[in-house]
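A.B. asks:
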Amino acid sequence: MSSNPLNAISVQSRAVTVSSAAIPRWPGQTADGQTQPALEFLSLNGDEHLGKLFEYELLLRTPDDYTVPLAVSANLDLKALLGKEMTVAIDLQPSADTEACQREITGLVVAAQYLRREGRYNVYRVVLKPWLWLATLTTDYKIFQNRTVIEIIDEVLKDYPYPVEKRLEVSRYALEGESPTNEPRAFQVQYGETDYHFIHRLMEEWGIYWFFEHADGKHRLVLCDHIGAHRHSPNPSYRTLAFQPQGGKTDTEYISAFSTAEVLCTGHYVTSDFDFTRSRADMRAINQQPRDTSWNLLERYDWPGDYTDSSHGELLARTRMEALRAPGTRAKGEGNVRGLACGQTFVLTNYDYTVANCEYLVIGTKLDLTGTPDESGSGYEYTCSNKFDAQPTSEVFRLPRETSKPVVNGPQSAVVVGPEGKELWTDEFGRVKVRFVWDRYGQNVETDSCWVRVSQAWAGQGFGGIYIPRIGQEVIVDFWNGDPDRPLITGSLYNAATRPPYDLPGNATQSGFMSRSMEGGLQNYNSIRFEDKAGAEEFTLQAERDMNRLTKLNESHVVGADYTIGVAAAHSMTVGATSSTIVGGKYSVRVKGVAFYSVGLAHFVSIGGAEETAVGGASLLTVGGARTVTVGGASTHAVGGAYSLSAGGALSIVCGKSSLTMNKDGEIKLIGKSIRIQGDTRVVVQGTPLDLNPGDKECGSSVTVPVPVVVLDALDVPVIPPPPSDEPLPTICPLPTEEPLPSEEPPPSEEPAPSEEPAPSEEPAPSEEPPPSEEPAPSEEPPPSEEPPPSEEPPPSEEPAPSEEPPPSEEPPPSEEPPPSEEPPPSEEPPPSEEPAPSEEPPPSEAPAPSEEPPPSEEPPPSEEPPPSEEPAPSEEPPPSEEPAPSEEPPPPIETPPETGIDA
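Residue numbers are given in our numbering: position 579 of the sequence shown equals residue 642, and the series is strictly consecutive.
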């Protein structure tokens, strides 16, 4: 392509002027009566492209004015020019038949330089750039949240007081009625970038490009994204330009060189990304725009696509495909067309390659305008060359993605933030918000960042580990693929404000986990701690409040030494099947309050040695079914008070060939080889009628007594009616009836009943027979066994003897009757009724066992009392015993001979 300059054009017809408020003015007058500027145009060259910062270099000279010394014109204040707008106005008149107009080129003076002296002039160099160039001088770390791309650009540019016009085709972005560029971006970071780099990167990504329009001494930034945003030149002469080879008419502007080119491009683009809220979703976005060439579907795959919304993905894929396709058809041209500017459109005509005769968008220009003094020396002639790049308006223009996104090299520190007054702030995914240490705009509130995911040691579907960083804690933040828009918390750090839970370095051997109760103090926490100090190893577990543990199968605990559990309140344990406890040594259970023990089925207790049960108060045993007690050796029952035994059916006591049976119908049967009934004072037999050995010839007689009571003295006579005084006694012990009615009858035995005598009871334990003592309730306590004092047989000692007289030791038996004592009136029969001995004693009536036989021993009740032999029955009747008082009465009966017994 030829680069020869156009023929010189006289300055009078086509002038170029320079103006700026920063250019000083000289006192000399111009033709219009104004002071003249200190600088005049000499030459201009520069380039301007869509989406790029233009740059023009001007050569200026001082005026040819003898009134201004060269020393003065060589020392202009260059700093005063910097940062000020300067406008170059080029007079345009493309042809003699068109109206004159101007093309302006305005920019900020970013550089000013004194070059040299040329004759009567001083030459200066000035560089013009757009005001957007100022954005290349600043860098920042700034977070933009929930803003659209356009809002982010506006916020960045608001710091620059220059005009911006947006010619954006919102409908282009509409997907299903929405515009992705108008949808907020959750989190966008300007990471150490200049303002220019940041917004330019966003515009490249989202298909927005820009250029400058120059008019009225200003240059305006125009944002656009479609061909409709571009306009023709204000001068109609530049709307259609003809191609004319070099050397045509010099008074008309035209294109002297032009070429078009086709380039092989891919027409298939694929990208994808990942959205953790839809982790299984296919996020791929595909766009195809193949050109009519070979190899037009070679796939271009980019990852990550920088989106989490599918609609954004579709838009980004389309934008990137258009950017890849745009260079497919491009053209270059050159001519003396001074008014053809970047961002304008024109129609080419008269070109030999007819397909190229179409409408073009000027995507870049390179203008070279130079002035030289004319022959007269009174003016200048200019040569102009304008080279341009163009693209058919039938193709979409997109900026190539050349501006790289910054990469974060390594992790950073941040502090967890949240609403004021909160200690913890999170969402359904366990994310938190942070303030980065580089964020100077943050306020330590929940709006300082987006929700940031927190890396956990283990994460599964409903299982794994989790900890939520608390507000104020320092965390380590890394970034996915180094992308500053995608932070990720990978850990936590201690610092001067948040120190470790264990004092260091003193406790350097301790490790573990400690939480903190919400709104709690230093002592309110849950923790697991390991102490690894040699010889002091320890595992500590603390629950600040409740602790719950679930083992779905087996659980084993092995403790090498002691095991202690302290429960301050209730303790409950439920075992669904078998429970077994094996104690190698002593086992102790102490209940300070009430204890309840319930067994749903059978209960077995096996004790290899002795068993002792001590009950400080009352003791109650209730058995719903049968109960059997088997004692391999001796069995002793000692009762300090009354003793009652009650059977709903028959009651039997069996000892070898001897037995005592009581039926619930009132029948009592005493069977034994030899039966002795002995009373030291007297024996009362009561019944109507009373038969003694009826029909027994050996005995020699059988007696039928018409009276209800017979009292037999200790004499060898068949029967002696009881004296009137005694009558009450019989009533007292209607043994047969079961409850000794007459309280009086106590005489003999009962007396002891008085509680007092219990003591004797114990001692009675006549040597020989402890047994007796045991069996009859009473007997057992008399431990008669211990003292046989009475005549030959301890039996008496057992309980016959009236309680009062300890000496008779026999009384012990009565003593057993303490029960009676408790309720003297036999009537109550509490004690006696229970079937205390009395009831059982009926035996006496049945068969006064021979004195010799301490059968009593065998059968507690009878046996013991009988021993006194002398005192037949009476002794036995514990019932009477119930009435203490009567005890004294024994005297009335005339039972002096303590020895003789009555055999029946």
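Every residue gets a Cβ at the ideal spot worked out from N, C-alpha and C, and that includes glycine. All of these numbers come straight from a predicted model, not from anything done at the bench.
#1: Just the C-alpha distance for THR315 and THR408, rounded to the nearest angstrom, thanks.
#2: Distance check for ARG341 and CYS513, CA to CA, integer angstroms please.
#3: Would a C-beta distance cut-off of 9 Å place LEU102 and ILE426 closer than the cut-off?
#4: According to DSSP, is ALA665 helix, strand or coil?
#5: For ASN108, does the three-state DSSP call read helix, strand or coil?
#6: Leaving out five residues before and five after TRP543 in sequence, what residues of the same chain have Cβ atoms less than 7 Å from its Cβ?
#7: Less than 9 Å between the C-beta atoms of SER722 and GLY735, yes or no?
#8: Between the alpha carbons of LEU171 and ILE271, how many angstroms are there, rounded?
#9: Helix, strand or coil for GLU385, going by three-state DSSP, please let me know.
#10: Between VAL678, HIS293, GLY656, LYS649, which has its C-alpha nearest GLY671's C-alpha?
#11: Assuming contact is defined by CB atoms lying nearer than 9 Å, are LEU121 and VAL173 in contact in what I supplied?
#12: Which residues in the same chain have their Cβ closer than 6 Å to the Cβ of VAL654, if we skip the five residues on either side of it in sequence?
#13: Would you mind reading off the limits of the alpha helix (DSSP H) that contains SER136?
#14: For GLU916, which residues from the same chain have a beta carbon less than 7 Å from its beta carbon, with the 5 sequence-adjacent residues on both sides left out?
#15: From this set, GLN99, GLU256, PHE667, which residue's C-alpha is nearest THR466's C-alpha?
#16: I need the boundaries of the alpha helix (DSSP H) containing ILE215, first residue and last residue.
#17: For ASP258, which of helix, strand or coil comes out of DSSP?
#18: Extract the residue ranges of the alpha helix (DSSP H) inside the stretch 501 to 585, only unbroken runs of 4 or more that lie entirely within it.
#19: Give the range of the beta strand (DSSP E) segment to which GLY398 is assigned.
#20: Check this for me: beta carbons of ASP541 and GLY473, under 9 Å apart or not?
#21: Rounded to whole angstroms, what's the CA-CA distance from TYR364 to MET346? Just pull it up for me.
#22: Find out if the Cβ-Cβ distance for the pair THR984, PHE306 is shorter than 9 Å.
#23: Whose C-beta lies closer than 7 Å to the C-beta of ARG533 among residues of the same chain, with five residues either side of it excluded?
#24: Are GLU167 and ASP279 touching if we call contact CB-CB under 9 Å?
#25: For HIS263, name the three-state secondary structure that DSSP assigns.
#26: My output table needs one value for ARG374: the three-state DSSP class, helix, strand or coil.
#27: In the DSSP assignment, find the unbroken beta strand (DSSP E) run with ALA166 in it and report its ends.
#28: Quick check on TRP521: buried or exposed, where buried means 16 or more other Cβ atoms within 10 Å of its Cβ?
#29: Going by C-alpha to C-alpha distance, which of GLU601, ASP128, PRO564 sits closest to GLU586?
#30: Looking only at DSSP bridge pairs, what is HIS282 linked to?
#31: When the Cα of CYS164 is compared with those of SER374, ARG401, PHE321, which residue comes out closest?
#32: Can you name, in chain order, every residue of its own chain whose Cβ lies under 8 Å from the Cβ of VAL459, other than the five neighbours on each side?
#33: Suppose contacts are defined by Cβ-Cβ distances below 9 Å. Is SER578 in contact with ASN589 by that definition?
#34: Measuring alpha carbon to alpha carbon, tell me which of LEU116, PHE207, VAL81, ASP431 ends up nearest ALA152.
#35: Quick check on DSSP: helix, strand or coil for LYS732?
C.D. replies: Looking at the atomic coordinates:
#1: Here residue 315 is taken as the residue at index 252 of the sequence shown, counted from 1. Here residue 408 is taken as the residue at index 345 of the sequence shown, counted from 1. For THR315 and THR408, the distance between alpha carbons rounds to 19 Å.
#2: In the sequence shown, counting from the first residue as 1, residue 513 sits at position 450. In the sequence shown, counting from the first residue as 1, residue 341 sits at position 278. Using only the alpha carbons, I get a separation of about 18 Å.
#3: As a working note, residue 102 is residue 39 in the sequence shown. As a working note, residue 426 is residue 363 in the sequence shown. No. Outside cutoff.
#4: By one-based count along the sequence shown, residue 665 stands at place 602. Of the three classes helix, strand and coil, the one that applies to ALA665 here is coil, per DSSP.
#5: Reading the sequence shown from its first residue, position 45 is the one you call residue 108. Of the three classes helix, strand and coil, the one that applies to ASN108 here is strand, per DSSP.
#6: In the sequence shown, residue 543 corresponds to position 480, counting from 1. Here the set comprises ARG549, LEU551.
#7: In the sequence shown, residue 722 corresponds to position 659, counting from 1. In the sequence shown, residue 735 corresponds to position 672, counting from 1. Yes, Cβ-Cβ distance for SER722 and GLY735 is below 9 Å.
#8: Counting from 1 along the sequence shown, the entry for residue 171 is found at position 108. Counting from 1 along the sequence shown, the entry for residue 271 is found at position 208. Their backbone Cα atoms lie some 24 Å apart in a straight line.
#9: What you label residue 385 is simply residue 322 of the sequence shown in a count that begins at 1. The answer is helix: DSSP assigns GLU385 an H, G or I state.
#10: In the sequence shown, the residue the question calls residue 671 occupies position 608. When each option's Cα is compared against that of GLY671, the closest is LYS649.
#11: Here residue 121 corresponds to residue number 58 of the sequence shown, with the count starting at 1. Here residue 173 corresponds to residue number 110 of the sequence shown, with the count starting at 1. Not closer than 9 Å, so no.
#12: Here residue 654 refers to the residue found at position 591 when the sequence shown is read from its first residue. So no residue of the chain qualifies.
#13: Taking the sequence shown and counting its residues from 1, one reaches residue 136 at position 73. Start and end: 133 to 136.
#14: Working through the sequence shown from its first residue, we reach residue 916 at position 853. Below a pLDDT of 50, predicted positions are generally treated as unreliable, and GLU916, at 44, falls in that range; no measurement from the model is reported.
#15: The count along the sequence shown starts at 1 and reaches residue 466 at position 403. The residue with the shortest Cα to Cα distance from THR466 is GLU256.
#16: For the purposes of this step, residue 215 is taken as residue 152 along the sequence shown, with counting starting at 1. Per DSSP, ILE215 belongs to the alpha helix (DSSP H) from 212 to 220.
#17: Position 195 of the sequence shown, counting from 1, holds the residue named residue 258. It is helical.
#18: none
#19: For the purposes of this step, residue 398 is taken as residue 335 along the sequence shown, with counting starting at 1. Here the beta strand (DSSP E) through GLY398 covers 392 to 398.
#20: Against the sequence shown, residue 541 aligns to sequence position 478. Against the sequence shown, residue 473 aligns to sequence position 410. Cβ atoms of ASP541 and GLY473: closer than 9 Å.
#21: The count along the sequence shown starts at 1 and reaches residue 364 at position 301. The count along the sequence shown starts at 1 and reaches residue 346 at position 283. Whole-angstrom Cα-Cα distance: 13 Å.
#22: This structure cannot speak to residue 984, because the chain is shown only from 64 to 967.
#23: For this step, residue 533 is matched to residue 470 along the sequence shown. If we look at ARG533 and ignore the five residues flanking it on each side, its Cβ neighbours are VAL479, GLU486, LEU487.
#24: Your numbering for residue 167 matches position 104 in the sequence shown. Your numbering for residue 279 matches position 216 in the sequence shown. Yes, the pair counts as a contact, with Cβ atoms nearer than the cut-off.
#25: Locating residue 263 in the sequence shown gives position 200, where the first residue counts as 1. In this structure, HIS263 counts as helix in the three-state DSSP scheme.
#26: Counting from one through the sequence shown, the residue named residue 374 turns up at place 311. According to the sequence provided, residue 374 is Ser. The question's Arg does not apply to it. Correct three-state label for SER374: helix.
#27: By one-based count along the sequence shown, residue 166 stands at place 103. Looking at the sequence itself, residue 166 is Arg, so the reference to Ala does not match. Where ARG166 is concerned, the enclosing beta strand (DSSP E) stretches over 164 to 181.
#28: What you label residue 521 is simply residue 458 of the sequence shown in a count that begins at 1. TRP521 should be labelled exposed.
#29: The residue you call residue 586 lines up with position 523 of the sequence shown. Reading the sequence as shown, one finds Gln at residue 586 and not Glu. Nearest C-alpha to GLN586: PRO564.
#30: Residue mapping note: residue 282 aligns to position 219 of the sequence shown, counting from 1. Answer is HIS277, bridged to HIS282.
#31: Counted from its first residue, the sequence shown places residue 164 at position 101. The shortest Cα separation from CYS164 among SER374, ARG401, PHE321 belongs to ARG401.
#32: Locating residue 459 in the sequence shown gives position 396, where the first residue counts as 1. Counting only Cβ-Cβ distances below 8 Å, and skipping sequence neighbours, we find HIS289, ILE290, GLU385, ARG388, ALA389.
#33: Counting from 1 along the sequence shown, the entry for residue 578 is found at position 515. Counting from 1 along the sequence shown, the entry for residue 589 is found at position 526. Yes, the Cβ-Cβ distance between SER578 and ASN589 is below 9 Å.
#34: For the purposes of this step, residue 152 is identified with residue 89 of the sequence shown, where counting begins at 1. Looking at the Cα atoms, VAL81 is the closest of the given residues.
#35: Your numbering for residue 732 matches position 669 in the sequence shown. LYS732: strand per DSSP, three-state reduction.
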